[in-house]
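Note that the sequence shown covers residues 2 to 232 in the working numbering. Every residue, glycine too, gets a C-beta built ideally from N, C-alpha and C. Before any comments, here is the structure.
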Amino acid sequence: MEYRDLAGRIDYHLSSPLMTEEQVHEGCRRAASYAVGSVIVRPCDLDLARSWVQAPLRLASRTSAAPGDATTAVKLFEVQDMLQRGASLAEAKVNLPKMMSRQFAYVEGELQQLVRICTETGTKLTASVDVSLLDEEQMASLCEMAKNSGVAILSASEYRIGQVEILLRNCVPQVEVKLMIDGKSLEEVLILKEMGIARFGVRHPAALLDAWKAHLETLPHKEELSAAVVS
Numbered sequence: 002m003e004y005r006d007l008a009g010r011i012d013y014h015l016s017s018p019l020m021t022e023e024q025v026h027e028g029c030r031r032a033a034s035y036a037v038g039s040v041i042v043r044p045c046d047l048d049l050a051r052s053w054v055q056a057p058l059r060l061a062s063r064t065s066a067a068p069g070d071a072t073t074a075v076k077l078f079e080v081q082d083m084l085q086r087g088a089s090l091a092e093a094k095v096n097l098p099k100m101m102s103r104q105f106a107y108v109e110g111e112l113q114q115l116v117r118i119c120t121e122t123g124t125k126l127t128a129s130v131d132v133s134l135l136d137e138e139q140m141a142s143l144c145e146m147a148k149n150s151g152v153a154i155l156s157a158s159e160y161r162i163g164q165v166e167i168l169l170r171n172c173v174p175q176v177e178v179k180l181m182i183d184g185k186s187l188e189e190v191l192i193l194k195e196m197g198i199a200r201f202g203v204r205h206p207a208a209l210l211d212a213w214k215a216h217l218e219t220l221p222h223k224e225e226l227s228a229a230v231v232s
């Protein structure tokens, strides 16, 4: 078990509407120091963040409108623009009101067009949605649409714990599942990882990854102790 086994799965969200450029810069520095997988910044910060983010840390961005505000055309422009500005990963919000209204053809058509733009530039699409507002039938339909459209990751921004298994059952292995996990303990996150969650979104990674480092530091001692007991 290594530090990167968890840290590499972390997407550090630096996309709060009121963050200053200084806070975004500090967040990018913190992301590198904690060796997380990616930082997700607002589209307006991409030009600056390109000079702050170095490989292997990945730079990502997300669509800006509320889940039901933007038309497909607006989302397509946003994703194309963020990729041209240097994002290596794109995250777009699923039209939640359309999902709740069971306008599945609209949602799937939009996902297909967004994936097409990402595929043309060699990037992958993460589709983000508040699944806490969806019933099991709607969740299963969304997972099926994500698979059919070529979505790489389905991200649950809000969810009930009982919905995690539904997402995994209906998405994996074709589509990876990501959860926002701010406020969860290391033990809770490790359980989710063991269940099969591929990515974790956080706005405050320090406490979790400090706890992970401390946990790993205890492992050699435990292994030595186990060896001594056996001998």
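Would the beta-carbon of Leu115 fall within 7 Å of that of Val80? Yes, Cβ-Cβ distance for Leu115 and Val80 is below 7 Å.
With 16 other CB atoms within 10 Å as the buried threshold, where does Met100 fall? The residue in question, Met100, is buried, as its Cβ has 16 or more Cβ neighbours within 10 Å.
Between Asp183 and the rest of its own chain, which residues show a CB-CB distance below 7 Å, the 5 nearest in sequence each way excluded? The residues are Val203, Arg204 and His205.
Any idea what DSSP makes of Arg86, helix, strand or coil? Per DSSP, reduced to three states, the secondary structure at Arg86 is coil, with no helix or strand assignment.
Whole-number beta carbon distance between Cys29 and Ala61, since they are thought to touch under 8 Å: Actually they do not touch by this definition, with Cβ atoms about 12 Å apart.
Counting Cβ pairs, one atom from each stretch, are 3 or more of them under 8 Å apart for the stretch 93-109 and the stretch 12-30? Result no; under three Cβ-Cβ pairs closer than 8 Å.
Decide yes or no for the touch test of the stretch 106-122 against the stretch 156-168: beta carbon pairs closer than 8 Å, at least 3 of them. In short, these stretches do not touch, since the Cβ pair count stays below three.
Taking the alpha carbon of Ser34 as the point to measure from, which residue in Glu121, Ala147 and Trp53 has its own alpha carbon closest? Distances from the CA of Ser34 to each of Glu121, Ala147 and Trp53 were compared; the closest alpha carbon is that of Trp53.
Give the DSSP-derived three-state secondary structure of Ser20 in the structure shown. A small fix is needed here, since residue 20 is Met in this sequence, not Ser. Under the three-state reduction of DSSP output, Met20 falls in the coil class, being neither helix nor strand.
Length of the line joining the Cα atoms of Gly9 and Leu134: Cα-Cα distance, rounded: 29 Å.
Which one or two residues does DSSP pair with Glu159 in a beta bridge? Residue pairing by DSSP puts Glu159 in a beta bridge opposite Asp131.
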